[in-house]
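Every number in the working numbering is 253 more than the matching position in the sequence shown, counting from 1.
Glycine included, each C-beta is placed from N, C-alpha and C at the ideal position.
Written below as structure tokens is the structure these notes are about.
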Amino acid sequence: MIGPFSLGVGTFFGSAIGFSAMTAQDNRVESALLRRINERRLLEAIQQHGPSSRAALTRVSGMTAPTVSKAVDALLKRGLVEELEPIEQSLGRPGRLVRMAADSAVVLGVVIDTSTCCVVASGLDGRVTEERTRRFATPEAYPALLDAIEAECRELLADRTGKLHGVGVSVPGLVNKRLEEVVFCPNLHALDKHNPARDLEERLGSLCLLLQETDGLCLSERMYGDARGLRDFAMLDVATGLGLGVMSSGQLLAGHSGMAGELGHLTADPQGLRCGCGNRGCLETLATDAALVRLVAKKAGRALSTEEVADLLGRGGKKLEEEIRTVSGYLAIAIAAVINIFNPTTLFVHGALLAGAPERFAHVLELVKQRTLTASLADCTIVPTRSSKRQGAIAGIMHHLTNAWAPSIR
Ligand SMILES: [Zn+2]
């Protein structure tokens with residue numbers, strides 16, 4: 254547990270302004286920053302522990318009771334938390350529970366994907382449900398895509414009474430953070446050179462955040478899933494494209510422009526199929542659910558959806574052993590590459606056909622043993638992720654709302 258944050262703030266100011274030379278204005282800035290850092294820490298404690306009394310928050314945060322009380326009041330004022338009706342306690346006064354604002358605030362998650370998009374509404378507790386999710390086929394043209402997203406957002410907001418705090422917009426492809434746009438999207442070229450978050454922000458008049466989909470999955474797993482408390486883990490998305498997100502020392506690995514992690518466009522078969530990026534034999538044409546669907550469809554002699562292939566596999570997948578073996582082999586190579594290069598404590602795999610079926614996934618893990626350095630593999634647990642891209646879009650905007658307020662001290 255980290256104690257109340259006070260003296261350590263010198264690291265933020267010390268390099269630029271000597272403490273001895275600090276003016277009254279510097280002191281005011283420092284104290285405002287301290288308050289924000291305490292509010293952020295408290296918000297993280299509420300996110301982690303769920304609805305809690307002020308006394309419980311004092312215990313888990315390590316802050317003093319007056320500091321907790323002040324921070325709770327500030328968070329209530331900002332509309333980020335809400336208090337539940339008093340509950341009877343066996344001893345002493347009835348206590349009120351503080352929780353993330355679930356009824357009085359709204360965030361939206363938008364997932365733009367190659368064939369289907371979805372929009373979901375959630376409270377700040379991040380709870381995602383089918384009733385508050387809307388799906389639609391991805392329009393081919395960019396303006397039509399924006400129109401459809403805006404319409405779904407407005408309909409979802411009409412059903413909710415809380416204040417909209419922001420929208421997370423999850424996209425596939427290369428998101429250049431310096432240029433603030435999707436520079437290239439191999440499987441959905443309608444997004445090339447666009448920033449749907451910025452365009453949506455103009456239409457809705459509310460904060461919208463652009464988010465690479467695999468980064469969203471990483472944040473979701475850390476905020477709501479099994480990566481809570483983990484500082485070094487990786488997320489391999491093998492659904493349509495093949496995307497990689499890496500959390501290294503508690504930070505998302507971004508590279509110079511935010512485009513790190515494009516393992517999917519590593520050449521694995523120089524004579525292979527043409528990829529959406531223009532190259533041949535990229536790993537994502539060989540190791541993904543989409544690759545398996547394509548092989549099964551070729552065998553069946555007709556176009557098939559992922560759901561239809563999942564259905565065929567669910568009924569035993571007889572006569573499809575060769576296709577499953579081929580894609581499993583390449584998926585094992587992709588998994589081994591991530592483990593060898595990044596040494597994660599946990600590698601989460603996001604996909605339906607191989608990662609989502611325990612027996613087939615166990616077979617992939619057997620193949621991984623042949624491809625990975627033994628010491629690196631011994632350090633790592635490989636599990637299917639429970640996170641979804643819509644949960645990722647929500648986690649992305651929640652992460653931003655928390656981070657924009659104050660820096661982390663961990
Ligand atoms: Zn490619």
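query = So what's residue 636 in DSSP terms, helix, strand or just coil?
reply = Strand at residue 636.
key: Simplified DSSP state of residue 358, which is helix, strand or coil   = strand
message = Measuring only the C-alpha atoms, how far is residue 401 from residue 320?
response = 45 angstroms
query = What's the C-alpha gap between residue 500 and residue 623?
reply = 25 angstroms
task = Report the three-state DSSP secondary structure of residue 445 (helix, strand or coil).
result = coil
task = Inspect the beta-carbon positions of residue 650 and residue 460 and report whether they are closer than 9 angstroms.
result = It is a contact, given that the beta carbons lie within the stated cut-off.
task = Please classify residue 671: does DSSP put it in a helix, a strand, or coil?
result = Residue 671 falls outside the range modelled here, since the chain spans only 254 to 663, and no answer is possible.
query = Taking buried to mean at least 16 other C-beta atoms within 10 Å of its own C-beta, is residue 281 buried or exposed?
reply = Under this definition residue 281 is an exposed residue.
ask   = Any idea which residues DSSP pairs residue 667 with across the strands?
value = In the structure as shown, the chain starts at 254 and stops at 663, and residue 667 therefore has no counterpart that could be examined.
query = What are the start and end residues of the beta strand (DSSP E) that includes residue 426?
reply = Here residue 426 belongs to no beta strand (DSSP E), and DSSP marks it neither H nor E.
Inter-residue CB distance, residue 333 and residue 354 (contact presumed, cutoff 8 angstroms) = 6 angstroms
key: Same chain, Cβ closer than 6 angstroms to residue 365, neighbours up to 5 away in sequence not counted   = 424
request  = Tell me whether the beta-carbon of residue 397 lies closer than 9 angstroms to the beta-carbon of residue 370.
outcome  = No, they are not a contact pair.
inquiry  = Which residue wins for smallest C-alpha separation from residue 633, given the options 608, 615, 601?
reply    = 601
request  = Run the CB neighbour count on residue 656, radius 10 Å, all protein chains shown included, and call it buried at 16 or more, exposed below.
outcome  = exposed
inquiry  = Assuming the contact rule is C-beta atoms closer than 8 angstroms, residue 376 and residue 356 should be a hit. Round their C-beta distance to whole Å, please.
reply    = Confirmed, Cβ separation roughly 6 angstroms.
query = Are there three or more Cβ pairs, one per stretch, closer than 8 angstroms when the segment 534 to 546 is compared with the segment 491 to 505?
reply = Enough Cβ pairs lie closer than 8 angstroms, so yes.
query = Under a three-way DSSP split, which group does residue 474 fall into?
reply = helix
query = Taking C-beta to C-beta, are residue 367 and residue 440 nearer than 9 angstroms?
reply = yes
query = What are the partner residues of residue 578, as DSSP defines its beta bridges?
reply = BP columns for residue 578 are empty, so no partner.
Closer than 8 angstroms: residue 498 CB and nearest ligand 1 heavy atom = no
Contact set for residue 478: own chain, Cβ-Cβ below 6 angstroms, skip 5 residues either direction = 639, 640
request  = Taking residue 469 as the reference, give the member of 426, 510, 454, 611 with the closest Cα.
outcome  = The residue from 426, 510, 454, 611 with its alpha-carbon nearest to that of residue 469 is 426.
request  = Buried or exposed for residue 411, please, with buried defined as at least 16 other CB atoms from any protein chain shown within 10 angstroms of its CB.
outcome  = exposed
inquiry  = Under DSSP, the alpha helix (DSSP H) around residue 627 begins and ends at which residues?
reply    = 627 to 631
key: Beta-carbon proximity check, residue 486 vs residue 597, cutoff 9 angstroms   = Going by beta carbons, residue 486 and residue 597 fall inside the 9 angstroms limit.
inquiry  = Please classify residue 294 as buried or exposed, where buried requires at least 16 other C-beta atoms within 10 Å of its C-beta.
reply    = Around the Cβ of residue 294, a 10 Å sphere holds 16 or more other Cβ atoms; the residue is buried.
query = Just to confirm, does residue 531 get its C-beta within under 8 angstroms of one of the non-hydrogen atoms of ligand 1?
reply = yes
key: Helix, strand or coil at residue 488 [DSSP, three-state]   = The answer is strand: DSSP assigns residue 488 an E or B state.
message = Closer than 8 angstroms to a non-hydrogen atom of ligand 3 - does that hold for the CB of residue 439?
response = As for ligand 3, it is missing from this structure, which binds only ligand 1.
inquiry  = Let me check you understand the geometry: is the CB of residue 367 closer than 8 angstroms to at least one non-hydrogen atom of ligand 1?
reply    = no
message = Tell me whether the segment 413 to 420 and the segment 446 to 461 touch, counting them as touching only if at least three CB pairs, one residue from each stretch, are closer than 8 angstroms.
response = yes
inquiry  = Taking the beta strand (DSSP E) that residue 251 belongs to, which residues open and close that run?
reply    = In the structure as shown, the chain starts at 254 and stops at 663, and residue 251 therefore has no counterpart that could be examined.
request  = Could you check what DSSP says for residue 322 in three-state terms: helix, strand or coil?
outcome  = helix
Rounded straight-line distance, which links the Cα of residue 403 to that of residue 453 = Taking the straight line from one Cα to the other gives about 7 angstroms.
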